[in-house]
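Engineer: My numbering applies: residue 48 is where the sequence shown begins, and numbers increase by one.
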Amino acid sequence: MAGLYVHIPFCKKRCLYCDFFSTIQLERRTEYVDALLKEISARKEEAGEPIRTIYLGGGTPSMLDSIDIFRILRTIGTDDAEEITMEVNPGDVTEKYLSEIRQTGVNRLSIGVQSFKDNLLQLIGRRHNSMQAIEAVRMAQRAGFDNISIDLMYALPTQSMGLWKADIELALRLGVQHISCYGLMYEEGTALTAMRDKGEITPIGEVQENEMYDYLCKRLKEAGFEHYEVSNFALPGYESKHNSSYWDGTPYIGIGAGAHSYIGNVRSWNPDNLSKYIKKTRKGTLVREQEVLTEKELYNERIMLGLRTSKGIPLSDVHVRNGREMVAEMTAKETLLRVTEDGRLVATQKGIHILNRIIEDLMI
Ligand code: SF4
């Protein structure tokens, strides 16, 4: 079984922290969707396996009309799809829109809440407010969605522990099935990073960031959520099937400008340039850049992705020459890593704080 990702790169305005590929050229949506349909028709069989999960991500997929979402899904074909996720922005949606989206076959929503505090939303340049975020979840529930994920952000400038706890409690009260949480990253070239460099905002610091993360993990566990990946928490049975397939090496086809595909040991990607993507797809001359992953790269990828999940990686997979001594050190007293009863290596809570360093150490 395979996954299929469709990238919808349109945003009404750019958020201050964002370095994803997106564009505010909303007037190009129609020609972009036409190009998507063409690419889907040409490539949907490429994985050689039925499509089990579909993910409409962005950018902001809810910038498209429901009829366009319908056309995209109809072109993909959803007979074998168990999970069809769409990302939505709380500022865009109405109950009518969400009902129409539900009727297209989308059965899972990922709502970009980020925070329930208006001043923090403004600070990071989001265009919705807290009431819209709450209402978006309620409207989605009324529209019949029973598999809803929300994104939350922590380590925002001026965000206190008290504010973070309040956000988590509100998320729990809303009765969502899945929560993805990301610490704010200051990416190069973003407006927020420039503000930090000019001293206009002050990052909250690593110690407080770790405290926020640890509290999150503890509180969501108490509430019955499984912490199945570093940034992802789900009620039992509600893990994202699509994202899980990224982490376990399932093939996926990426459609749209800037989208990546991974089939066999080949990773390929479309140009992240709207005009080029539309023009070349229209003419049927779109060429994806690609790289064939070597054994070493595949190994490193397994370490990198596997250790982010609660399943971890089989200890027997760890490279004998480089990794075993290091693993012995890291598992001593279960400080950073531990070995499960069935012989898998997983990161401890403390290990997650420095996971990137651990992963780097175990790579070859
Ligand atoms: S809505 Fe998402 S993709 Fe668009 S600018 Fe904001 S963070 Fe980036």
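Idealized CB from N, CA, C, for every residue including glycine.
#1: Buried or exposed for residue 249, please, with buried defined as at least 16 other CB atoms from any protein chain shown within 10 angstroms of its CB.
#2: Pick helix, strand or coil for residue 163, following the three-state DSSP scheme.
#3: What are the boundary residues of the alpha helix (DSSP H) that residue 290 is part of?
#4: Closest to residue 347 by CA distance: which of 408, 207, 383 and 275 is it?
#5: Do residue 129 and residue 156 count as a contact pair if the criterion is CB distance below 9 Å?
#6: For residue 272 and residue 70, what's the separation of their Cα atoms in angstroms?
#7: From 373, 140, 230 and 329, pick the residue whose C-alpha is nearest to that of residue 188; which is it?
#8: Tell me which residues share the same chain as residue 377 and place their Cβ nearer than 6 Å to its Cβ, disregarding the 5 neighbours each side in the sequence.
#9: Following the continuous beta strand (DSSP E) through residue 387, name the residue where it begins and the one where it ends.
#10: Compute the beta-carbon to beta-carbon distance between residue 105 and residue 55, rounded to the nearest angstrom, for a pair I have assumed lies under 8 Å.
#11: Is residue 176 near the ligand SF4, going by C-beta to nearest heavy atom under 8 Å?
#12: Report the CB separation of residue 145 from residue 218 in whole angstroms; it is logged as a contact under 8 Å.
#13: How many angstroms separate the CA atom of residue 340 from the CA atom of residue 351?
#14: State buried or exposed for residue 276, treating a residue as buried only when at least 16 other CB atoms are found within 10 Å of its CB.
#15: Who does residue 132 pair with in a DSSP beta bridge?
#16: Please determine, among 91, 269 and 322, the residue with the shortest C-alpha to C-alpha distance to residue 310.
#17: Looking only at its own chain, which residues have a Cβ that is under 7 Å from the Cβ of residue 100, when we skip the five neighbours before and after it?
#18: Exposed or buried, what is residue 151 when buried is set at 16 or more other beta-carbons lying within 10 Å of its beta-carbon?
#19: Quick one: measure Cβ to Cβ for residue 57 and residue 107, integer angstroms, because I've assumed they're closer than 8 Å.
#20: Roughly how far, in whole angstroms, is the beta-carbon of residue 214 from the beta-carbon of residue 163, given that I think they are within contact range, below 8 Å?
#21: CB of residue 61 to nearest heavy atom of the ligand SF4: below 8 Å?
#22: What are the uninterrupted segments assigned as beta strand (DSSP E) that are 3 or more residues long and contained completely in the stretch 266 to 354, given in chain order?
#23: Under 8 Å Cβ to Cβ from residue 224, same chain only, skipping five residues before and after it: list those, please.
#24: From residue 278 to residue 227, what distance separates their C-alpha atoms?
#25: Count the CB pairs spanning the stretch 293 to 304 and the stretch 244 to 260 that are closer than 8 Å, and state whether there are at least three.
#26: Helix, strand or coil for residue 196, going by three-state DSSP, please let me know.
#27: How many Å lie between residue 61 and residue 359 at the Cα?
#28: Beta carbon of residue 405, beta carbon of residue 354: below 9 Å?
#29: Are the beta-carbon atoms of residue 122 and residue 84 separated by less than 9 Å?
#30: Hey, is residue 303 close to the ligand SF4, as in C-beta under 8 Å from one of its heavy atoms?
Structural biologist: Straight from the coordinates:
#1: For the purposes of this step, residue 249 is identified with residue 202 of the sequence shown, where counting begins at 1. With fewer than 16 Cβ atoms within 10 Å of its Cβ, residue 249 is classed as exposed.
#2: Numbered from its first residue, the sequence shown carries residue 163 at position 116. Of the three classes helix, strand and coil, the one that applies to residue 163 here is coil, per DSSP.
#3: Position 243 of the sequence shown, counted from the first residue, corresponds to residue 290. Per DSSP, residue 290 belongs to the alpha helix (DSSP H) from 288 to 294.
#4: In the sequence shown, counting from the first residue as 1, residue 347 sits at position 300. In terms of CA proximity to residue 347, 408 leads the group 408, 207, 383 and 275.
#5: Here residue 156 refers to the residue found at position 109 when the sequence shown is read from its first residue. Here residue 129 refers to the residue found at position 82 when the sequence shown is read from its first residue. No, the Cβ-Cβ distance between residue 156 and residue 129 is not below 9 Å.
#6: The residue labelled residue 272 in the question sits at position 225 within the sequence shown. The residue labelled residue 70 in the question sits at position 23 within the sequence shown. One Cα belongs to residue 272, the other to residue 70, and the distance between them is close to 35 Å.
#7: On the sequence shown, position 141 is the one that residue 188 refers to. Nearest of 373, 140, 230 and 329 to residue 188, Cα basis: 140.
#8: Indexing the sequence shown from 1 puts residue 377 at position 330. Annotation for residue 377: 383 and 384 place their beta carbon closer than 6 Å to its own, counting only its chain and skipping 5 residues before and after.
#9: Counting from 1 along the sequence shown, the entry for residue 387 is found at position 340. First-last for residue 387: undefined, no H or E at that position.
#10: By 1-based counting over the sequence shown, the position of residue 105 is 58. By 1-based counting over the sequence shown, the position of residue 55 is 8. So it is a contact: roughly 4 Å between Cβ atoms.
#11: Along the sequence shown, one-based indexing puts residue 176 at 129. The beta carbon of residue 176 sits no closer than 8 Å to any heavy atom of the ligand SF4.
#12: As a working note, residue 145 is residue 98 in the sequence shown. As a working note, residue 218 is residue 171 in the sequence shown. Residue 145 to residue 218, Cβ: 19 Å. No contact.
#13: As a first step, residue 340 is located in the sequence shown; it is residue number 293 there, counting from the start. As a first step, residue 351 is located in the sequence shown; it is residue number 304 there, counting from the start. In this model, residue 340 and residue 351 are separated by some 14 Å (Cα to Cα).
#14: Walking along the sequence shown from the start, residue 276 turns up at place 229. Buried, because 16 or more other Cβ atoms sit within 10 Å of the Cβ of residue 276.
#15: Here residue 132 is taken as the residue at index 85 of the sequence shown, counted from 1. Residue 132 is bridged by DSSP to 102 and 155.
#16: To locate residue 310, count along the sequence shown from 1; it is residue 263. It is 91.
#17: On the sequence shown, residue 100 is found 53 positions in, with the first residue counted as 1. Closer than 7 Å at Cβ, skipping near neighbours: 50, 128, 129, 130, 288, 289 and 292.
#18: Locating residue 151 in the sequence shown gives position 104, counting from the first residue. Counting every other CB atom within 10 Å of its CB across the protein chains shown gives residue 151 a total of 16 or more, marking it as buried.
#19: By 1-based counting over the sequence shown, the position of residue 57 is 10. By 1-based counting over the sequence shown, the position of residue 107 is 60. That belief holds up - the Cβ atoms of residue 57 and residue 107 are roughly 6 Å apart, short of 8 Å.
#20: Here residue 214 refers to the residue found at position 167 of the sequence shown. Here residue 163 refers to the residue found at position 116 of the sequence shown. Yes, they are in contact, since the Cβ atoms of residue 214 and residue 163 sit about 5 Å apart, within 8 Å.
#21: Numbered from 1 along the sequence shown, position 14 holds the residue referred to as residue 61. Flag set: Cβ of residue 61 near the ligand SF4.
#22: The stretch 266 to 354 contains these whole beta strand (DSSP E) runs: 273 to 276, 279 to 281, 299 to 302, 307 to 310, 313 to 316 and 336 to 339.
#23: Mapped onto the sequence shown, residue 224 falls at position 177. Within the same chain, residue 224 has close Cβ partners 193, 194, 195, 196, 281, 282 and 285.
#24: Taking the first residue of the sequence shown as position 1, residue 278 is located at position 231. Taking the first residue of the sequence shown as position 1, residue 227 is located at position 180. Rounded to whole angstroms, residue 278 to residue 227 spans 6 Å at the Cα level.
#25: The stretch 293 to 304 makes no contact with the stretch 244 to 260: fewer than 3 CB pairs, one atom from each, lie closer than 8 Å.
#26: Along the sequence shown, read from residue 1 onward, the residue named residue 196 stands at position 149. Strand at residue 196.
#27: Sequence index remark: in the sequence shown, residue 61 carries index 14 (1-based). Sequence index remark: in the sequence shown, residue 359 carries index 312 (1-based). Distance between the alpha carbons of residue 61 and residue 359: 35 Å.
#28: As a first step, residue 405 must be located in the sequence shown, where it is residue number 358. As a first step, residue 354 must be located in the sequence shown, where it is residue number 307. Less than 9 Å separates the beta-carbon of residue 405 from that of residue 354.
#29: As a position in the sequence shown, residue 122 is number 75, starting the count at 1. As a position in the sequence shown, residue 84 is number 37, starting the count at 1. A contact, by the Cβ cut-off of 9 Å.
#30: Here residue 303 corresponds to residue number 256 of the sequence shown, with the count starting at 1. In this structure, residue 303 has its beta carbon at no less than 8 Å from each heavy atom of the ligand SF4.
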